[in-house]
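Residue numbers (our numbering), protein chains in the order written: chain V, 1 to 110; chain A, 1001 to 1113.
Ideal Cβ placement from N, Cα and C applies to all residues, glycine included.
Quick caveat: nothing in here was measured; it's all calculated off a predicted structure.
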């Protein structure tokens, strides 16, 4: 079963726009949510993360919004750049394990 | 310098053959992980290890074995490779902590014919 769901599967935005990537989860015991960024031919790399005690985490152009009641979170990428084109994975820590979503492939058109 | 390296980067194997994927980390992390990545499934955990000499089953261990002979090295072994094991395999290392960040290698692309 897929405990972490991501949408959309793919997303195209124009340079300068805000990209919004969504994530939801099922298990209320999940307490830590990292987002990983993956470029073609490379391994995923941690981009930004949030714990369940916060409702917002910001790092430059990247912001996570977290709604614990609805078990949803979203990654906002403001002023999107072509270099942001990558696959983004939402993950959740359940106990000892990180559970990954299936990813959103983001394309930023110049 | 890359802290998690994998070899080989690409591998073609025949059905029924034995395949060994190797991973080395210089992060001095206790935990190491093997994932496979397939379109539509994201990253799925195959095996993991808490330290030298330990291996544990992840979510999809069938058809795979793992070996952790040292802190730095973690191998994934396919004793009898099947076409369904064609995938991209990622190794990662990490340690317990508030954030539990995992650091991934560049991946091995495996094709089983």
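Quick check: is the beta carbon of residue i nearer than 9 Å to any beta carbon in chain V?
i, result
"residue 1041 of chain A", "yes"
"residue 1036 of chain A", "no"
"residue 1092 of chain A", "yes"
"residue 1105 of chain A", "yes"
"residue 1102 of chain A", "yes"
"residue 1044 of chain A", "yes"
"residue 1053 of chain A", "no"
"residue 1112 of chain A", "no"
"residue 1063 of chain A", "no"
"residue 1012 of chain A", "no"
Is the shortest distance between the beta-carbon of residue i and the beta-carbons of chain A less than 9 Å?
i, result
"residue 4 of chain V", "yes"
"residue 42 of chain V", "yes"
"residue 106 of chain V", "no"
"residue 25 of chain V", "no"
"residue 30 of chain V", "no"
"residue 102 of chain V", "yes"
"residue 93 of chain V", "yes"
"residue 46 of chain V", "yes"
"residue 21 of chain V", "no"
"residue 74 of chain V", "no"
"residue 49 of chain V", "yes"
"residue 98 of chain V", "yes"
"residue 34 of chain V", "yes"
"residue 66 of chain V", "no"
Measure the Cβ-Cβ separation of residue i and residue j and say whether it is below 9 Å.
i, j, result
"residue 1108 of chain A", "residue 1018 of chain A", "no"
"residue 32 of chain V", "residue 45 of chain V", "no"
"residue 1033 of chain A", "residue 1058 of chain A", "yes"
"residue 1092 of chain A", "residue 1016 of chain A", "no"
"residue 98 of chain V", "residue 1100 of chain A", "yes"
"residue 6 of chain V", "residue 27 of chain V", "no"
Using the beta-carbon count (16 or more within 10 Å), is residue i buried or exposed?
i, result
"residue 39 of chain V", "exposed"
"residue 14 of chain V", "exposed"
"residue 18 of chain V", "exposed"
"residue 1021 of chain A", "buried"
"residue 1084 of chain A", "exposed"
"residue 87 of chain V", "buried"
"residue 43 of chain V", "buried"
"residue 60 of chain V", "exposed"
Could you check the C-alpha separation between residue i and residue j for me, to the nearest Å?
i, j, result
"residue 55 of chain V", "residue 63 of chain V", "10 Å"
"residue 11 of chain V", "residue 1074 of chain A", "36 Å"
"residue 946 of chain A", "residue 21 of chain V", "One cannot answer for residue 946 of chain A here, as it falls past the ends of chain A, which runs 1001 to 1113."
"residue 23 of chain V", "residue 48 of chain V", "14 Å"
"residue 108 of chain V", "residue 8 of chain V", "15 Å"
"residue 82 of chain V", "residue 1106 of chain A", "22 Å"
"residue 67 of chain V", "residue 93 of chain V", "16 Å"
"residue 1077 of chain A", "residue 1027 of chain A", "23 Å"
"residue 1054 of chain A", "residue 1071 of chain A", "10 Å"
"residue 1066 of chain A", "residue 79 of chain V", "43 Å"
"residue 41 of chain V", "residue 1043 of chain A", "15 Å"
"residue 1040 of chain A", "residue 1086 of chain A", "15 Å"
"residue 52 of chain V", "residue 1013 of chain A", "44 Å"
In chain order, each beta strand (DSSP E) run of at least 3 residues that lies wholly inside the stretch 1015–1043 of chain A: 1019–1025, 1031–1038
Considering only residues of the stretch 44–94 of chain V, which uninterrupted beta strand (DSSP E) runs meet the minimum length of 3 residues and lie entirely inside it, listed in chain order? 45–51, 56–59, 62–67, 72–77, 86–94
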